[in-house]
Amino acid sequence: MKKNSFYLVSLGCAKNTVDSNSMAQLLQQDGYEAVNDPSAADIVLVNTCGFIEPAREESYAILNELAQGKTDNQLLIAAGCLTQRYGKEVLEKVSGIDGLL
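Each residue of the sequence shown is one higher than the last, beginning at 418 in my numbering.
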């Protein structure tokens, strides 16, 4: 695992893409490097979509998949409209999440 690295998944609409780019830029300004493999990242960040049911299902599937592969030294952070609307439910449905944005 590379120290000070992040892996970012952006789901949903164009606004999420813009928000994800902003998150990545802030992390890079703080000295974090983007990586293409979640197992190589210190921080795994998922910018979720909760607008329609298929988007919620995709968000939960990806969060659960990443949570299963997470190591003790990694942080799994969920962001986006799914967490804004259903934060408590996200924490109940996905074990291993370290924080919500």
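For glycine and all other residues, C-beta sits at the position ideal for the given N, C-alpha and C.
Residue i: first and last residue of the uninterrupted beta strand (DSSP E) it sits in
i      : result
Gly497 : 492-497
Ile460 : 460-465
Leu425 : 422-427
Neighbour-count burial assignment, residue i, 16 or more Cβ in a 10 Å radius
i      : result
Ser427 : buried
Rounded C-alpha distance that separates residue i from residue j
i      : j      : result
Tyr424 : Ala472 : 20 Å
Asn490 : Ser456 : 10 Å
Beta-carbon contacts of residue i that lie in its chain and below 6 Å, excluding the five residues immediately before and after
i      : result
Ile460 : Phe423, Leu492
Range covered by the alpha helix (DSSP H) that runs through residue i
i      : result
Lys432 : 431-446
Asn481 : 470-486
Neighbour flag for residue i against chain C, beta carbons, 8 Å
i      : result
Gln445 : Note that chain C does not occur in the displayed structure, where there is just one protein chain.
Contact set for residue i: own chain, Cβ-Cβ below 7 Å, skip 5 residues either direction
i      : result
Tyr477 : Lys510, Val511
Leu444 : Phe423
Asn421 : Gly448, Tyr449, Glu450, Asp459
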